[in-house]
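Chains as they are written, first to last, in this note's numbering: chain Y, 3 to 116; chain P, 169 to 282. Read the structure below first, then the notes.
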């Protein structure tokens with residue numbers, strides 16, 4: 003069965019510093035990995051996904067994520083954090099034979115302080 | 169929010185009453201999903217639809233039913249609401265199935281069952 007873990011409930015970072023939000027996954031086949039962001043009282047917005055190919059995936063708002071097969075990780079990164087990046091971030095995974103079933107992590111709250 | 173509306177946006181109801189939530193899309197996408205979001209659990213799939221009158225169960229389907237009589241509308245019904253169904257409910261859509269598909273989310277419905 004597919005699963006995903008976000009080990010940090012909250013990440014605090016100062017504006018202008020690099021940020022990393024961690025995600026690890028478990029699948030029985032090839033993983034398809036996604037990051038979403040949720041701003042207060044809003045739905046989830048798609049940031050980026052990994053399907054195959056280059057391990058570094060670039061997405062919206064300057065975010066990128068690095069797929070690491072040996073460590074089964076898909077960490078979200080940004081070189082320079084903005085206060086407006088403060089939000090709830092979700093990692094999600096789907097394995098090849100899972101049909102449409104997308105499994106989400108519990109979420110990580112990112113707080114960027116001025 | 170990707171041409172998706174949800175109604176109502178907020179609802180307070182009493183235990184034992186029926187509740188219907190509506191998801192409406194203007195994208196003409198084939199696939200529609202209902203999730204619930206609870207702290208620490210991320211999003212969990214309740215039911216999904218892969219076409220008009222074609223639906224299937226997700227991870228947490230007990231106590232919920234769905235219907236899809238038109239491409240644009242996907243209804244979620246709580247036959248007899250319980251306090252454990254207090255949650256935020258999100259609808260999502262996608263234009264094709266398969267492991268690579270990206271799901272796009274509506275703004276959510278906040279449901280409180282007293």
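Glycine residues also receive a C-beta, built at the ideal position from the N, C-alpha and C atoms.
- Contact annotation, residue 192 (chain P) with residue 240 (chain P): C-beta distance approximately 6 Å; criterion of less than 8 Å satisfied.
- At the C-beta level, residue 89 (chain Y) and residue 39 (chain Y) come within 8 Å of one another.
- Sorting P:242, P:195, P:181 and P:267 by C-alpha distance to the C-alpha of residue 215 (chain P) places P:242 at the top.
- Taking a beta-carbon distance threshold of 8 Å, residue 268 (chain P) counts as an interface residue toward chain Y.
- A direct Cα-Cα distance of roughly 43 Å separates residue 66 (chain Y) from residue 247 (chain P).
- Under the three-state reduction of DSSP output, residue 210 (chain P) falls in the strand class.
- Beta-bridge analysis with DSSP links residue 222 (chain P) to P:219.
- The Cβ atoms of residue 234 (chain P) and residue 250 (chain P) do not sit closer than 8 Å to each other.
- Between residue 48 (chain Y) and residue 272 (chain P), the C-beta spacing is below 8 Å.
- Just measuring C-alpha positions, the residue of Y:27, Y:18 and Y:53 sitting nearest residue 86 (chain Y) is Y:18.
- For residue 98 (chain Y), at least one C-beta of chain P is nearer than 8 Å to its own C-beta.
- Interface residue (Cβ-Cβ distance to chain P less than 8 Å): residue 51 (chain Y) is classified as such.
- For residue 111 (chain Y), no chain P residue has a Cβ inside 7 Å of its Cβ, as the nearest lies near 11 Å away.
- Residue contact check for residue 64 (chain Y) against chain P: no CB pair falls below 8 Å.
- The residue among P:274, P:211, P:261 and P:282 with its C-alpha nearest the C-alpha of residue 174 (chain P) is P:274.
- Contact note: residue 76 (chain Y) does not reach chain P at a C-beta cutoff of 7 Å; the least C-beta distance is about 15 Å.
- Closer than 9 Å at the C-beta level to chain Y, one finds these residues of the segment 241–264 of chain P: 258, 259, 260 and 262.
- With 16 or more other Cβ atoms inside 10 Å of its own Cβ, residue 97 (chain Y) counts as buried.
- Selection Y:26, Y:32 and Y:37 evaluated against residue 266 (chain P) yields Y:32 as nearest (Cα-Cα).
- Collapsing the DSSP output to three states places residue 41 (chain Y) in coil.
- Bounds of the beta strand (DSSP E) holding residue 69 (chain Y) are 66–70.
- By the Cβ criterion, the segment 22–30 of chain Y is in contact with the segment 73–82 of chain Y, since at least three pairs of Cβ atoms, one from each stretch, lie closer than 8 Å.
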